[in-house]
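Enquirer: Here it is, the structure, as structure tokens.
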Amino acid sequence: MTATELSLEIVFTTDWGIGTGLGRAGGVNAALKRDEDGQPFVPASTLTGAIRQQAFVVADALDEATGGGEPSGTATRPSWSQFVTGLFGSPQHARLVTFTSAHLSTLDAEAAAPTDSETMAAPFHDVVSLAIDADTGTAKNNMLRVIERAAPATLTATARLLEEDQAGNQLRWTKEQREAALLVVGLACRLVDTLGGERTGGDGRCRITPSNEEQLLSQLQQPPAAPTLPQTASWQAHLCATARQDYDLASFTLDIELCSPLVSFAVPMSNEVPTLDFLRGTALLPWVHTKLRGHCPDNALVANAVVNGELYVSDALPVVDGVRGLPLPLALTRPKTSEARGGDSSTVAFTNRLRAAAGDTPQKQVRHGYLFPAAERGAFGTPPQLGQQHISYDAVSRTAKTGHLYLARSLPAGMRLRATLHLSTRLAAELSQPLEDLLTGTAQLGSRRLTSTYGKVKVNVSALPKSPPQPDASSAAEVTLWFTSDVLVRSGSLGPCGGVEDLLAEFARRGVELKLADSTDTSAVFVRYRRIDSWSAAGQQPRASRVAIQAGSVLRLQLGDEADRDVVLPKLQRLGELGIGELGAQGFGRFVVNHSFLEQGRRELRELTADEFFTGKEADK
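1 is the number of the first residue of the sequence shown in the UniProt record's numbering; add one for each residue after it.
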């Protein structure tokens, strides 16, 4: 353990368990949460809530012993209550300490491992309960419940003080502040005596032992005064030395493996926290830039990399069998009836309305999902999502708060995502070590990441080789654009995008004259729009909504009358890599030029199963 970490040992002395809120086929009315190994565990959010509640009890006791918060001359002494509030966070400020989920210790995990293919020695058993009629003293009808419980066991977890705040600024912890924070956490752990559900019935009795237990008694003999909260080390501002221009770029691939469920921000609806089925570059760019600035804190070139147009990160899209998915083109239609499907039940025949007429078969337009192109046989599918129920507890009654049950959706652990990163060659030269070494490792990404229940990922960075030029199968006068991310462009009056005309005007502003292709039996425009909402962590308020052209939109266009195809196509390809419109550095505005898939009128694709999106369960090409 480092000076900013505590290892925690949790010993359950009775049956225990954290419920999922769901039953299981076969007679279990209340099933327990299980980790990736199929073992019971305590989620980080549950552990954090229990320790936070006791931390305020510790703060009150320390304030009483040290006079915290009392007047001292013309000022007021810092109080432990204020320190604990800042340490565990509030609606206005993010927390400064996180906890990992508690998993079975090594010995208990080995004992609970399956001994053969038929026998599972996991510490699970079922408990039967029923309701008693107060008048007759007999069991009520239809009130028998079967509850899954875990046997007494030992679990381990880690408490960690954050080294940077939510905005990426370094936190300057002094020795006194670190010791005070670990003192509060350690004492709060010793006060926690129950965890999980069915606590009023005697379940969940536990003892949490922190690794600094021996130091706690010596510190309590003479309690220290409450410290102030750590200050943030703001980055030094640097003026842009040069105007924005086009630079030679080095390209890299970011392969992201989800070690825990990940929530990609979407607007909450009622009591549901939804998630996107991909991770926006908006979440990746701050992480990448913070890593670079931490490596070169006083470098003006690194500080201004984004505003100078020298750092771009795309959206992270799902990966199956090593192939990065692309949003299904909105020009595709599929049969409404099962009789019109392909040769087998897993194959669907798609019609590309850019190149072929709909025909007599009833068709429906594709609006979501991903295409995984392959040389011989492509596939399509939508990533699965995981739903987990959460609830807030009342600190006084230690029961669930009324109206505080909500559902959080997430991308499940085991999925892989892939993004591309572009940075200028002169920016790469400023780094004293390869970018692969700087970014490869574990990270916390996405929404709700500070709970430690969500967002833990492994990132692997590798150089992206330049792909050889593809043969241009389209006609000399036409180009097709397939947008692989949302596009933000403004109207002529600087308002939201008003249509395809505003997009073509943006291309013209970038030096590429385009116009819609002539269409007879087929269409040239398949565009949908969507609303983009986001949240400002620094301002603690929602940002203004934006209207975007949705990913998957496709256009069939013609070059301007005087345009040179050999000059225009390289410009379009570079714009496709870096993005057209606003917020290109955050992954918006990406598109593919003349993709071979859009040159075919009809194509059969295999529909992926949910298991094929997970690591080790690859799809066949």
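Virtual Cβ for every residue (Gly too), placed ideally from N, Cα, C.
Note that the structure is predicted; figures quoted are calculated from it, not measured.
Taking residue 571 as part of the alpha helix (DSSP H), name the residues at either end of that continuous run.
Expert: Reading the sequence shown from its first residue, position 571 is the one you call residue 571. The continuous alpha helix (DSSP H) containing residue 571 extends over residues 565 to 578.
Enquirer: What does a CB cutoff of less than 7 Å around residue 181 pick up in its chain, not counting 5 residues either side in sequence?
Expert: Translated into positions along the sequence shown, residue 181 becomes position 181. 87, 97, 161, listed in sequence order.
Enquirer: Three or more C-beta pairs closer than 8 Å, one from the region 288 to 305 and one from the region 430 to 439: is that the case here?
Expert: yes
Enquirer: Using 8 Å as the threshold, is the region 8 to 23 in touch with the region 199 to 210, meaning 3 or more CB pairs across them?
Expert: yes
Enquirer: Counting only the same chain and skipping the five closest in sequence on each side, list residues whose C-beta sits under 6 Å from that of residue 257.
Expert: Sequence index remark: in the sequence shown, residue 257 carries index 257 (1-based). Correct list, in chain order: 416, 458.
Enquirer: Please name the residue in 79, 231, 589, 174 whose C-alpha comes closest to that of residue 483.
Expert: The residue you call residue 483 lines up with position 483 of the sequence shown. Looking at the Cα atoms, 589 is the closest of the given residues.
Enquirer: Out of 491, 516, 154, 284, which one is the CA nearest neighbour of residue 455?
Expert: In the sequence shown, residue 455 corresponds to position 455, counting from 1. Checked all of 491, 516, 154, 284; the closest Cα to residue 455 is 284.
Enquirer: Might you give, ordered along the chain, the residues of its own chain that have their beta carbon closer than 6 Å to the beta carbon of residue 578, omitting 5 neighbours on each side?
Expert: Here residue 578 refers to the residue found at position 578 of the sequence shown. Once the five neighbours on either side are set aside, the close Cβ partners of residue 578 are 312, 584.
Enquirer: Compute the Euclidean distance between the alpha carbons of residue 404 and residue 270, then round it to the nearest angstrom.
Expert: Your numbering for residue 404 matches position 404 in the sequence shown. Your numbering for residue 270 matches position 270 in the sequence shown. Going by the C-alpha atoms only, they are around 11 Å apart.
Enquirer: State buried or exposed for residue 118, treating a residue as buried only when at least 16 other CB atoms are found within 10 Å of its CB.
Expert: Along the sequence shown, read from residue 1 onward, the residue named residue 118 stands at position 118. Unreliable positioning characterises residue 118 in this predicted model, as indicated by a pLDDT of 37, which lies under 50. The coordinate reading is nonetheless provided below. Answer is exposed; the Cβ neighbour count stays below 16.
Enquirer: Can you check DSSP and say which residues form a bridge with residue 410?
Expert: Residue mapping note: residue 410 aligns to position 410 of the sequence shown, counting from 1. Residue 410 is bridged to 386.
Enquirer: May I ask you to report which of helix, strand or coil DSSP gives residue 173?
Expert: Along the sequence shown, read from residue 1 onward, the residue named residue 173 stands at position 173. Residue 173 falls in the coil class under three-state DSSP.
Enquirer: If you follow the beta strand (DSSP E) that residue 125 is part of, which residue opens it and which one closes it?
Expert: Taking the first residue of the sequence shown as 1, we reach residue 125 at position 125. Here the beta strand (DSSP E) through residue 125 covers 124 to 129.
Enquirer: For residue 610, which residues of its own chain have a beta-carbon under 6 Å away from its beta-carbon, when the five flanking residues on both sides are left out?
Expert: In the sequence shown, residue 610 corresponds to position 610, counting from 1. Once the five neighbours on either side are set aside, the close Cβ partners of residue 610 are 384.
Enquirer: How would you label residue 132, buried or exposed, when you count the other beta carbons within 10 angstroms and need 16 or more for buried?
Expert: Working through the sequence shown from its first residue, we reach residue 132 at position 132. Classification for residue 132: exposed.
Enquirer: Contact defined as beta carbons within less than 8 Å: I believe residue 386 pairs with residue 410. What is the distance between those atoms, to the nearest angstrom?
Expert: For this step, residue 386 is matched to residue 386 along the sequence shown. For this step, residue 410 is matched to residue 410 along the sequence shown. Residue 386 to residue 410, Cβ: 5 Å. Contact.
Enquirer: So the candidates are 53, 78, 52; which of them puts its Cα closest to the Cα of residue 64?
Expert: Against the sequence shown, residue 64 aligns to sequence position 64. Considering only alpha carbons, the answer is 78.
Enquirer: Going along the chain, which residues of its own chain have a beta-carbon closer than 8 Å to the beta-carbon of residue 618, five neighbours each way excluded?
Expert: Translated into the one-based positions of the sequence shown, residue 618 becomes position 618. Caution is warranted here: a pLDDT of 42 is assigned to residue 618, below 50, making its placement in the model unreliable, and no coordinate value can be reported.
Enquirer: Which residues share a DSSP beta bridge with residue 535?
Expert: What you label residue 535 is simply residue 535 of the sequence shown in a count that begins at 1. Partner(s): 542.
Enquirer: Do residue 481 and residue 598 have their beta-carbon atoms positioned less than 7 Å apart in this structure?
Expert: As a working note, residue 598 is residue 598 in the sequence shown. As a working note, residue 481 is residue 481 in the sequence shown. No.
Enquirer: Note down, one range per segment and in chain order, each beta strand (DSSP E) of at least 3 residues found wholly within the region 594 to 618.
Expert: 602 to 607
Enquirer: Which runs of the alpha helix (DSSP H), 4 residues or longer, sit entirely within the region 476 to 526?
Expert: Counting only runs of 4 or more, we get 500 to 509.
Enquirer: Assign residue 230 to buried or exposed, taking buried as 16 or more other Cβ atoms, counted over all protein chains shown, within 10 Å of its Cβ.
Expert: Position 230 of the sequence shown, counting from 1, holds the residue named residue 230. Buried, since its Cβ has 16 or more Cβ neighbours within 10 Å.
Enquirer: So the candidates are 591, 8, 33, 479; which of them puts its Cα closest to the Cα of residue 388?
Expert: Along the sequence shown, one-based indexing puts residue 388 at 388. Ranking 591, 8, 33, 479 by Cα distance to residue 388 puts 33 first.
Enquirer: Could you tell me whether the region 149 to 157 touches the region 40 to 56, using the rule of 3 or more Cβ pairs below 8 Å?
Expert: yes
Enquirer: Within its chain, find whatever has a CB closer than 6 Å to the CB of residue 507; leave out the 5 residues flanking it on each side and keep chain order.
Expert: Locating residue 507 in the sequence shown gives position 507, where the first residue counts as 1. By the criterion of a C-beta distance shorter than 6 Å, residue 507 is surrounded in its chain by 514, once the five residues flanking it on both sides are discounted.
Enquirer: Just verifying my parser: in three-state terms, what is the DSSP assignment at residue 64?
Expert: As a position in the sequence shown, residue 64 is number 64, starting the count at 1. Correct three-state label for residue 64: helix.
Enquirer: DSSP three-state call for residue 441: helix, strand or coil?
Expert: Locating residue 441 in the sequence shown gives position 441, counting from the first residue. Residue 441: strand per DSSP, three-state reduction.
Enquirer: Rounded to whole angstroms, what's the CA-CA distance from residue 337 to residue 559? Just pull it up for me.
Expert: In the sequence shown, counting from the first residue as 1, residue 337 sits at position 337. In the sequence shown, counting from the first residue as 1, residue 559 sits at position 559. Each residue's alpha carbon lies about 39 Å from the other.
Enquirer: Which residues in the same chain as residue 7 place their Cβ atom closer than 7 Å to its Cβ, once the five residues preceding and following it in sequence are excluded?
Expert: In the sequence shown, residue 7 corresponds to position 7, counting from 1. Contacts found: 1, 156, 158, 211.
Enquirer: State the Cα-Cα distance for the pair residue 567 and residue 574, rounded to the nearest angstrom.
Expert: Translated into the one-based positions of the sequence shown, residue 567 becomes position 567. Translated into the one-based positions of the sequence shown, residue 574 becomes position 574. Rounded to the nearest angstrom, the two C-alpha atoms are 12 Å apart.
Enquirer: Return the CA-CA distance between residue 57 and residue 186, expressed in angstroms with no decimal places.
Expert: The sequence position of residue 57 within the sequence shown is 57, counting from 1. The sequence position of residue 186 within the sequence shown is 186, counting from 1. If you take the alpha carbons of residue 57 and residue 186, they lie about 13 Å apart.
Enquirer: Would you kindly work out how many angstroms separate the C-alpha atoms of residue 435 and residue 310, rounded to a whole number?
Expert: For the purposes of this step, residue 435 is taken as the residue at position 435 of the sequence shown. For the purposes of this step, residue 310 is taken as the residue at position 310 of the sequence shown. Spanning the two alpha carbons is a distance of roughly 14 Å.
Enquirer: Over what stretch of residues does the alpha helix (DSSP H) that includes residue 289 continue unbroken?
Expert: Numbered from its first residue, the sequence shown carries residue 289 at position 289. Here the alpha helix (DSSP H) through residue 289 covers 281 to 295.
Enquirer: Does DSSP put residue 205 in a helix, in a strand, or in coil?
Expert: Reading the sequence shown from its first residue, position 205 is the one you call residue 205. Correct three-state label for residue 205: strand.
Enquirer: What does the alpha-carbon distance come out to for the pair residue 209 and residue 591?
Expert: Numbered from 1 along the sequence shown, position 209 holds the residue referred to as residue 209. Numbered from 1 along the sequence shown, position 591 holds the residue referred to as residue 591. Roughly 54 Å between the two C-alpha positions.
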